[in-house]
Amino acid sequence: MTADAPARPAVRRRRAPYPVVLALLAALVLAAATAGVMAGSVPIPAGEAWRIVLHRLVPPLTGADWQPVRETIVLDVRLPRVVLCGVVGAGLAVCGTALQALVRNPLADPMLLGVSSGATVGAVLVVVAHVAVAGVFSLPVAAFAGALLALLLVFFLARTGGRTTTVRLVLSGVATAEVLSAVASYLVVTSDDPHAADSALRWMLGGLAGTTWTLVPVPAAVVLAGTAVLLGVSRSLDLLLAGEEAASSLGLDVHRFRLAMFVVVALMVGAIVAVSGSIGFVGLMMPHVVRLLTGAGHRRALPAAALLGAAFLIAADLAARTLIAPEEIPVGILTALVGGPFFLWLMRRKAAR
Amino acid sequence: MSGELRAEGVTVVAGRRTLLDDVSLHAAPGQVVGLVGPNGAGKSTLLRTFYRVLRPTRGRVLVDGDDVRRLPGRTLARRLAAVPQDSPGEFELTARDVVAMGRTPHKRAFAGDGAADRAIVAEALADLGVAGLADAPFDRLSGGERQRVLIARALAQRTGALVLDEPTNHLDPRHRLDVLRLVRRRGATALVALHDLNLAAAFCDRVHVLRGGRTVAAGPPGDVLTPDLIADVYGVGADVARRADGTLRVDLLPGPKETR
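The listed protein sequences derive, respectively, from chains A and B.
So in this note's numbering the end of the first sequence lands on 368, straight run, no missing numbers.
So in this note's numbering the end of the second sequence lands on 324, straight run, no missing numbers.
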């Protein structure tokens, strides 16, 4: 029997119990959502906002003592936007967590890897060239195809001799993103449809202005289903963190698994980008915060990431539309302002190890 | 637990380089077989064909009589555990997380770790003397501690066969002995790449010597590890003596090999 190595309390990490973490994050989402519904050109108190929502869900619960216009503001203007922000933020955070495991790199993010740009090109193609192969689903389907192509391209560009180094991954991601953004810009500029330029701008900067309920169901369903699939394979995602050789020796068919999960992530990013454009750095930052809270195991990290991402993007969108009201900042600009420095800090911390 | 390992005429060609050339090897259930040879001899390449990171260009690799390429990944991982040379980094995994991965081949997708799994993980951590580090982040451990955690993961897989790629290279002398003793005591068939010829002599039933991807010699350590072979394969002189208890002692001699 070998002698026991001494315990090292200094490197132990104390964590709150998992249910507490989840409950706190859920409370955070509700708080952010409440603030999101309250704020705007017509301020609405939290109590009234909640009563309006409850009244719609379960009418007998409360009486309707508010002006109809306030109900319209809450239910038809602010709530769909808040819900979509939640869906998009949750999806981006989940995709970022999964991507970081799949490419085994903590700097992975849907936008940094060019996935969002690929989706943008797909979406712009549909709008500008009126390629509508799949009816109402043309936009998300085209965005998905673009996302998947970009992801595969970046992954294989970054891979040499079975290894994916951080430098090559980030460089090929950035280069691919640039090229694809240029393609999207070119398509917009050369288009003779003035409406196309408007909606294309929204995708490129990332924003959720003018959200209505019709935009919500497709991304919500895709994000929910994708998250469920990723949760189902959380053990395999964990194995990838141990390295490809180790994962393979533990029974995982690494190549087939990674390809299948790329498809899942691309589907989610496609559905998200189709409604929100490319919002960067959410998928980069949330996983790191979540791993500090729950550890790296995906069965715990993924649900927490979804909640944190939702709360973060709802809050970011709130800031985006109130900071310089009545003007709006595209939320992608705000997340980049926060996320860029975070990215640099991560990179320096990694180098210091 | 049976755990029979066999390589039949395994050849691995990567690009234009032949990494392994027609290597055959057999480890009967319970045997510990050492793979020795200079850097680049093909030791890791041969081991990788067993845990399916590499596909033999020709030949077959068998575990318990079944071609590893025809077994489902999980089935193979319940028969054969590996300690590869690469190790995780950068993510917040604890030593316990890493060892718990050894239970994955035994679990269904949605199943969590049960009490039995946790007991097996705790036992493996204790066996390798790293129970005190269970909650420490894996990537902040020393090289030797990480290596012991990875061996603990392989033991937690509870397989009949083990494939170990230089399991002792970061370990201090005491832990080298401990790790190999532990492997012996487990009774699992083991294929171990080793650089330390004394360890190979002391712990292996048979040693298999590779050079340039080819088998140079194979057999019991006493027959194989002769001064001539060591001079031939490694290009260093060696003094080989038998201790009172019958084990071999190999002393590498400084200076050119002609000194003897």
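All C-beta atoms in this analysis are idealised placements derived from N, C-alpha and C, irrespective of residue type, glycine included.
Margin query: In this structure, how does DSSP classify R250 of chain B when only helix, strand and coil are distinguished?
Written below: The answer is helix: DSSP assigns R250 of chain B an H, G or I state.
Note to self: Here's the rule: buried if 16 or more other CB atoms are within 10 angstroms of the residue's CB, otherwise exposed. What is T323 of chain B?
What the structure shows: Low per-residue confidence applies at T323 of chain B: pLDDT is 46, beneath 50, and the placement is therefore not dependable, though the value from the model is reported in the following sentence. When all chains shown are included, T323 of chain B counts as exposed.
Checklist line | chain A residues whose Cβ lies nearer than 8 Å to that of P148 of chain B | finding: G258, E260, A261 and S264
Note to self: Looking at the strands, I want to know which residues DSSP matches up with D131 of chain B.
What the structure shows: B:L126
Item checked: Whole runs of the beta strand (DSSP E) within the segment 144-214 of chain B, excluding any shorter than 3 residues -> 144-147
Item checked: Proximity test, Cβ basis, 8 Å: R364 of chain A and chain B -> no
Notebook entry, point to check: At what residue ranges does the segment 172-221 of chain A contain a whole run of the alpha helix (DSSP H), taking only runs of 4 or more?
Noted result: 181-204 and 209-220
Next item on the list: Would you list, in chain order, the members of the segment 283-310 of chain A that have their beta-carbon closer than 8 Å to a beta-carbon of chain B?
Entry: Per Cβ criterion, the list reads R306, L307 and G310.
Next item on the list: Since I believe A289 of chain A is in contact with A165 of chain A (beta carbons under 8 Å), could you give me their beta-carbon distance rounded to a whole number of angstroms?
Entry: A165 of chain A to A289 of chain A, Cβ: 14 Å. No contact.
Margin query: Between the segment 100-116 of chain A and the segment 248-256 of chain A, can you find at least three pairs of beta-carbon atoms closer than 8 Å?
Written below: yes
Notebook entry, point to check: Residues of chain B with CB under 7 Å from L267 of chain A, in chain order?
Noted result: G137
Margin query: Excluding the 5 residues flanking G276 of chain B on each side, which residues of the same chain have their C-beta closer than 7 Å to its C-beta?
Written below: A105
Next item on the list: Please say whether E209 of chain B and G310 of chain A have beta carbons closer to each other than 8 Å?
Entry: no
Check: What residue from B:G251, B:L258 and B:P237 has the CA that sits closest to G230 of chain B's CA?
Finding: First, the amino acid is wrong: residue 230 of chain B is Glu here, not Gly. It is B:L258.
Next item on the list: May I ask you to report which of helix, strand or coil DSSP gives V57 of chain A?
Entry: The answer is coil: DSSP assigns V57 of chain A none of H, G, I, E or B.
Margin query: If you reduce the DSSP assignment to three classes, tell me which class L89 of chain B lands in.
Written below: In the three-state reduction of the DSSP assignment, L89 of chain B falls in the strand class, which pools E and B.
Check: Quick one, which of A:G266, A:S206, A:V89 and A:T227 has its alpha-carbon nearest V141 of chain A's?
Finding: A:S206
Check: By DSSP, does V297 of chain B sit in helix, in strand, or in coil?
Finding: It is helical.
Note to self: Is the beta carbon of A146 of chain B closer than 8 Å to that of A218 of chain B?
What the structure shows: yes
Notebook entry, point to check: How about V247 of chain B and T232 of chain B: are their beta carbons less than 8 Å apart?
Noted result: Not closer than 8 Å, so no.
Notebook entry, point to check: Opposite D303 of chain B in the DSSP bridges: which residues?
Noted result: B:D315
Next item on the list: Can you tell me which of the three DSSP states L274 of chain B falls into?
Entry: If DSSP states are grouped into helix, strand and coil, L274 of chain B belongs with the strands.
Next item on the list: Using a Cβ cut-off of 8 Å (strictly closer), state whether R250 of chain A contacts chain B.
Entry: yes
Margin query: Considering only their Cβ atoms, is the gap separating S291 of chain A from S132 of chain A smaller than 8 Å?
Written below: no
Next item on the list: Please list the residues of the segment 310-328 of chain A that have a C-beta atom closer than 7 Å to any C-beta atom in chain B, keeping them in chain order.
Entry: G310, A311 and G312
Next item on the list: Label E260 of chain A either buried or exposed according to how many other C-beta atoms from any shown protein chain fall within 10 Å of its C-beta, with 16 as the threshold for buried.
Entry: The residue is buried, with at least 16 neighbouring Cβ atoms inside 10 Å.
Notebook entry, point to check: How is the beta strand (DSSP E) around V305 of chain A delimited, first residue to last?
Noted result: V305 of chain A -> not in any beta strand (DSSP E); alpha helix (DSSP H) instead, spanning V297 to T309.
Next item on the list: Would you mind stating whether D128 of chain B and E187 of chain B have Cβ atoms separated by less than 8 Å?
Entry: no
Item checked: Below-8 Å beta-carbon distance, P169 of chain B vs any chain A residue -> yes
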